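Chains as they are written, first to last, in my numbering: chain A, 20 to 179; chain B, 14 to 96.
By construction, the Cβ of each residue, glycine as well, lies at the ideal position given by its N, Cα and C atoms.
Source: prediction; values computed, not measured.
Below is one structure; the comments refer to it alone.
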């Protein structure tokens with residue numbers, strides 16, 4: 020189990036390889052990597068800067084991981100979340116989960132990503148080609164995605 | 014009391030953190046925000062819409078009704094956008 024909050028770039032493939040090389044008896048490893056995208060075609064972004072609350076960020080990610088462990092039988096997991104200035108194409112976050120079965124690995128990974136988006140103290144500001152900056156607003160869809168896990172407090176995947 | 018501001022709250026207020034001695038009338042987070050708004054136009058502008066503000070007290074998510082004391086660390090910030 021591991022949580023890292025860092026400004027440095029990380030190698031998503033290398034992290035997965037290192038994770039897989041650990042000795043655990045899991046049947047499945049799920050991986051999610053979040054990447055900075057240049058999504059706005061009208062006013063494309065040139066960079067994104069993530070600000071966070073040092074201390075609270077690490078504690079919240081740790082607690083989110085603990086919550087996942089109470090819900091699924093996680094053999095191992097890794098969360099890396101970056102802060103600072105990132106350019107399109109760079110990885111922001113990676114979440115890896117190892118479980119006995121695929122369904123639990125997928126679910127735990129999705130849960131971790133959904134919860135860290137709304138419960139970890141990060142804020143994004145975008146820089147556009149036009150030289151403007153704008154704060155990214157919290158999305159209702161993200162809040163809804165996090166909220167739906169609240170209705171399934173004791174959710175444990177059936178063995179497949 | 015240590016107060017931290019993040020994201021656009023930090024920019025509008027002009028500082029990321031400060032140590033302040035709050036008056037005795039400040040009992041909860043709502044009182045603190047009301048008092049901070051009197052400290053200057055940057056504060057008043059940043060804190061005018063409390064529906065856009067989230068709070069942590071001693072690095073735990075809190076409510077406007079959460080009671081606070083001089084020794085606490087209070088953070089004010091907009092809804093989070095990680096991931």
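- Using a C-beta to C-beta distance shorter than 7 Å, which residues of chain A count as neighbours of residue 83 of chain B? The contacting residues do not exist; residue 83 of chain B stays about 20 Å from chain A at best.
- Members of the segment 20-50 of chain B that neighbour chain A once the beta carbon cut-off is set at 7 Å: 20 and 21
- From which residue to which residue does the beta strand (DSSP E) around residue 65 of chain A run? 64-71
- Message: Would the segment 103-110 of chain A count as touching the segment 38-55 of chain A if we require 3 or more Cβ pairs under 8 Å?
- Response: yes
- Task: Could you have a look at residue 81 of chain B and say whether DSSP puts it in helix, strand or coil?
- Result: coil
- Task: Look at residue 92 of chain A and residue 44 of chain A and say whether their C-beta atoms are less than 8 Å apart.
- Result: no
- Query: If you compare alpha carbons, which of B:71, B:43 and B:27 is closest to residue 58 of chain B?
  - Reply: B:27
- Considering only C-alpha positions, which residue in the set A:100, A:84 and A:133 is nearest to residue 117 of chain A? A:84
- Query: Among B:61, B:92 and B:87, which one has its Cα closest to the Cα of residue 39 of chain B?
  - Reply: B:87
- Message: Less than 8 Å between the beta carbons of residue 78 of chain B and residue 41 of chain B, yes or no?
- Response: yes
- Secondary structure of residue 155 of chain A, DSSP reduced to three states: coil
- Query: Thinking just about the alpha-carbon of each residue, which of A:26, A:140 and A:136 is nearest to the one in residue 74 of chain B?
  - Reply: A:140
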